[in-house]
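J.: One structure coming up, written as structure tokens, with questions to follow.
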Amino acid sequence: MDAYVIGNVAIDETLAVSAMPTPGASILGTAQSRDLGGKGANQAIVMARCGLRTHLVAGVGEDLRGDLVRQRLSAEPVIRHLVPIAGRSTDFSIILTTLDGENAIVTTTDCAQDLDVAQCVAALEDAQPGDLAVLQGNLTNAVTRGVLEAARSRRMVTAFNPSPLRPFFDDLWSLVDIGFLNEGETAALTDATGEQAARKLLAMGVKAVVLTFGRDGALLATDDRLIRIPAVGCPVVDTTGAGDTFMATALASAALRGTALDHAAIEHASKASAITVSRQGTQSAFPTVEELAAILDR
Ligand code: ATP
Numbered sequence: 001m002d003a004y005v006i007g008n009v010a011i012d013e014t015l016a017v018s019a020m021p022t023p024g025a026s027i028l029g030t031a032q033s034r035d036l037g038g039k040g041a042n043q044a045i046v047m048a049r050c051g052l053r054t055h056l057v058a059g060v061g062e063d064l065r066g067d068l069v070r071q072r073l074s075a076e077p078v079i080r081h082l083v084p085i086a087g088r089s090t091d092f093s094i095i096l097t098t099l100d101g102e103n104a105i106v107t108t109t110d111c112a113q114d115l116d117v118a119q120c121v122a123a124l125e126d127a128q129p130g131d132l133a134v135l136q137g138n139l140t141n142a143v144t145r146g147v148l149e150a151a152r153s154r155r156m157v158t159a160f161n162p163s164p165l166r167p168f169f170d171d172l173w174s175l176v177d178i179g180f181l182n183e184g185e186t187a188a189l190t191d192a193t194g195e196q197a198a199r200k201l202l203a204m205g206v207k208a209v210v211l212t213f214g215r216d217g218a219l220l221a222t223d224d225r226l227i228r229i230p231a232v233g234c235p236v237v238d239t240t241g242a243g244d245t246f247m248a249t250a251l252a253s254a255a256l257r258g259t260a261l262d263h264a265a266i267e268h269a270s271k272a273s274a275i276t277v278s279r280q281g282t283q284s285a286f287p288t289v290e291e292l293a294a295i296l297d298r
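In this note's numbering, the protein residues as written are 1 to 298.
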């Protein structure tokens, strides 16, 4: 089985500043890191590091950041379907951080927004029934819907993470087999929490709902069972990327064992995301191939 992650890729540039700039100010900063980012790339990298054949479908500009994306991805076991987006800059984030831990982030999504349905669907040409189609919230409404429909027509299993939150998600749930939501997304999209929220999503057509509650663990709900799994206790350094690690590991764990999402998949996801939160950064904090092999017992 293969996984196709259709999403975004970006370059995250982090600058340390002594204080956040006020309007009109020019301030000095220190370059801290330049990392591959974007939720699509994050999830694809973790799934691929788990050992699942994983394709990443994403738009990139024809610029230096695009070259950097290609170079960084070539170090990962991901199969790349990078779509050149003419006249656009590769998506990037400028992250300003202060010593007292405050941060401010500006993100561009020009390439993610310009990707069209035909480009994404072309990358699914070889997809087989049962393969995973994994989406997040960075693409347009039309593309998100179009790709979910194309995946359904190929009898793929669709997984959706409604992040970042956008106004059009309410209409998509009937096309989603597996939904992963954190607490903020759950509250915004269902007006409920926990089991009640999961029941609402199941009633909208989702077949398996996974709700994550940060250090309070996660819940897996289907029509006939509800499983709660605690988070793994660990020193917490930086929780960025915890949700992406969790979703990717859970999906890969089940796919590699040829089962539907189960208790073991959520346990594996909890262990993998505990590694991510115990380290600084996003992709640099993700568990390695070796760590994931140990977690998945492969
Ligand atoms: P992020 O936006 O930070 O990437 P998220 O908000 O999408 O994450 P969370 O619900 O915060 O997702 O976390 C996902 C999973 O990561 C949790 O279910 C848990 O297993 C693990 N996790 C998150 N925070 C902690 C923590 N402080 N200690 C241990 N595990 C954690």
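Here a beta-carbon is modelled for each residue, glycine too, at the ideal position from N, C-alpha and C.
Could you spell out where the alpha helix (DSSP H) holding residue 102 opens and where it closes?
T.: Element bounds for residue 102: n/a, residue is neither H nor E.
J.: Over the uninterrupted beta strand (DSSP E) stretch that includes residue 19, give me the two end residues.
T.: Note, residue 19: premise wrong, no beta strand (DSSP E); not H, not E.
J.: Considering residue 117, what are the terminal residues of the alpha helix (DSSP H) in which it resides?
T.: Its alpha helix (DSSP H) spans residues 117-123.
J.: At what residue ranges does the region 214-275 contain a whole run of the alpha helix (DSSP H), taking only runs of 4 or more?
T.: Listed in chain order, the complete alpha helix (DSSP H) runs (minimum 4 residues) inside the region 214-275 are 242-257.
J.: In angstroms with no decimal places, state the Cα-to-Cα distance between residue 70 and residue 116.
T.: Residue 70 and residue 116: Cα-Cα distance of roughly 20 Å.
J.: Using the three-state DSSP reduction, which class does residue 297 fall into: helix, strand or coil?
T.: Here residue 297 sits in coil by DSSP.
J.: Select from 280, 114 and 128 the residue whose C-alpha is nearest the C-alpha of residue 33.
T.: Comparing Cα positions, the closest option is 280.
J.: With distances taken between CB atoms, is the gap from residue 182 to residue 243 smaller than 9 Å?
T.: In this structure, residue 243 lies closer than 9 Å to residue 182 by Cβ.
J.: For the structure I just gave you, are there three or more beta carbon pairs, one from the region 165-175 and one from the region 145-156, closer than 8 Å?
T.: The region 165-175 vs the region 145-156: in contact.
J.: Using the beta-carbon count (16 or more within 10 Å), is residue 285 buried or exposed?
T.: Looking at its Cβ environment, which holds 16 or more other Cβ atoms inside 10 Å, residue 285 is buried.
J.: Give the range of the alpha helix (DSSP H) segment to which residue 110 is assigned.
T.: Residues 110-114.
J.: Which residue comes first and which comes last in the beta strand (DSSP E) that contains residue 33?
T.: Its beta strand (DSSP E) spans residues 29-37.
J.: Measuring straight from C-alpha to C-alpha, what distance separates residue 211 and residue 274?
T.: Their Cα atoms are separated by approximately 16 Å.
J.: In chain order, which continuous runs of the alpha helix (DSSP H) of length 4 or greater are located wholly inside the region 112-184?
T.: Listed in chain order, they are 117-123 and 141-153.
J.: For the alpha helix (DSSP H) holding residue 342, just list the boundary residues, first then last.
T.: No statement about residue 342 is possible, as the shown extent of the chain runs from 1 to 298 and does not include it.
J.: Would you mind working out which of 126, 97 and 114 sits nearest residue 310, comparing C-alpha positions?
T.: Residue 310 falls outside the range modelled here, since the chain spans only 1 to 298, and no answer is possible.
J.: Closer than 6 Å from C-beta to any heavy atom of ligand 2: which residues, in chain order?
T.: Ligand 2 is not part of the structure shown, which contains ligand 1 as its ligands.
J.: Spell out whether any CB of chain C is found under 9 Å from the CB atom of residue 196.
T.: This model lacks chain C altogether, as it is built from one protein chain only.
J.: So, are the CB atoms of residue 247 and residue 161 less than 9 Å apart?
T.: Yes; because the gap between Cβ atoms is below 9 Å, this pair is in contact.
J.: Which of the three DSSP states is assigned to residue 279 in this structure?
T.: Residue 279: coil per DSSP, three-state reduction.
J.: Between the beta-carbon of residue 77 and the beta-carbon of residue 62, is there less than 9 Å?
T.: Contact flag unset, no.
J.: Inspect the CB distances between the region 42-53 and the region 16-24 and report whether three or more fall short of 8 Å.
T.: Counting Cβ pairs under 8 Å, fewer than three are found: no touch.
J.: Cα separation between residue 225 and residue 231?
T.: Approximately 19 Å between the Cα atoms of the pair.
J.: For residue 3, name the three-state secondary structure that DSSP assigns.
T.: In this structure, residue 3 counts as strand in the three-state DSSP scheme.
J.: In whole angstroms, what separates the C-alpha of residue 300 from that of residue 7?
T.: Residue 300 lies beyond the stretch modelled for the chain, which goes from 1 to 298, so this question has no answer here.
J.: Assuming residue 236 and residue 270 make a contact with CB atoms under 8 Å, what is their CB distance in whole Å?
T.: Actually they are not in contact, since the Cβ atoms of residue 236 and residue 270 sit about 14 Å apart, beyond 8 Å.
J.: Between the C-alpha atoms of residue 103 and residue 180, what's the straight-line distance to the nearest angstrom?
T.: Those two C-alpha atoms are separated by around 26 Å.
J.: Comparing alpha-carbon positions, which option in 95, 38 and 134 lies nearest residue 21?
T.: Closest option to residue 21, Cα to Cα, is 95.
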